[in-house]
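In mature numbering (1 follows the signal peptide of the UniProt record, and there is no 0), the protein residues as written are -20 to -1, 1 to 226.
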């Protein structure tokens, strides 16, 4: 009886060391949370999975999800998944999600992700929708009710297990990089960490003839010195072409 009680006590003690106790140190887990964790090596944070400034995604070869964490309170998320349609099985949505920001560990053992609002992106491809491909902004605060790190008995690798706010289990994610693979841990679009506004460069592909167009507000044409050079070049080309026909 004593042996059984001792074994049960040791098992419970070992189990409690697996799950988070409110900080990121290995003392409360088998290892700390720092690193890149993914359910499929095809999907990872960092790199070109998403380029928020260009509003673009680089489609992985397969679906999956990945999370990266630093021990200084930053996270990054990457997801590629399919959403089925029970009423029309051929109308399967492909969804890509990317966001990053900061996170906190709450006293109840949960993790709360607080994204940088201007940077998050989501792309949805739906062959049955009026617009089959949409990419837009994404900003969703996420709560994991609890989490734990174990050693995967099959691979011997560290494995992160997350439960959603409603207790539903997410796919197990293996540690693939430590330190984590992440884009810079600051606001990348909109207003950045220095308070400056990030904007796209003006197009360099406009036609030289555009400067000859009249404004709807005025019939007066005002040309800068650089524009006058452009006009002269265009008119010179026209003159040479006319002379060649004579």
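Glycine is no exception: its CB is placed at the ideal position from the N, C-alpha and C atoms.
All of these numbers come straight from a predicted model, not from anything done at the bench.
Original post:
From this set, 93, 97 and 40, which residue's C-alpha is nearest residue 76's C-alpha?
Top reply: For residue 76, the closest C-alpha among the options 93, 97 and 40 is that of 40.
Subject >> residue 22, DSSP secondary structure in three states >> reply: In this structure, residue 22 counts as coil in the three-state DSSP scheme.
Original post:
Is the Cβ-Cβ distance between residue 60 and residue 43 less than 8 Å?
Top reply: Contact: yes.
**OP:** Over the uninterrupted beta strand (DSSP E) stretch that includes residue 91, give me the two end residues.
**Re:** Residues 91 to 95.
Subject >> Contained beta strand (DSSP E) runs [length at least 3] in the region 17 to 82, N- to C-terminal order >> reply: The region 17 to 82 contains these whole beta strand (DSSP E) runs: 44 to 49 and 54 to 63.
Original post:
Hey, out of 105, 126 and 98, whose CA is closest to residue 89's CA?
Top reply: If we check each option's Cα against that of residue 89, 126 comes out closest.
Original post:
Per DSSP, what kind of secondary structure is residue 166 in: helix, strand or coil?
Top reply: Under the three-state reduction of DSSP output, residue 166 falls in the coil class, being neither helix nor strand.
Original post:
Would you report the Cα separation of residue 56 and residue 48, rounded to the nearest angstrom?
Top reply: Each residue's alpha carbon lies about 5 Å from the other.
Subject >> residue 152, DSSP secondary structure in three states >> reply: Under the three-state reduction of DSSP output, residue 152 falls in the coil class, being neither helix nor strand.
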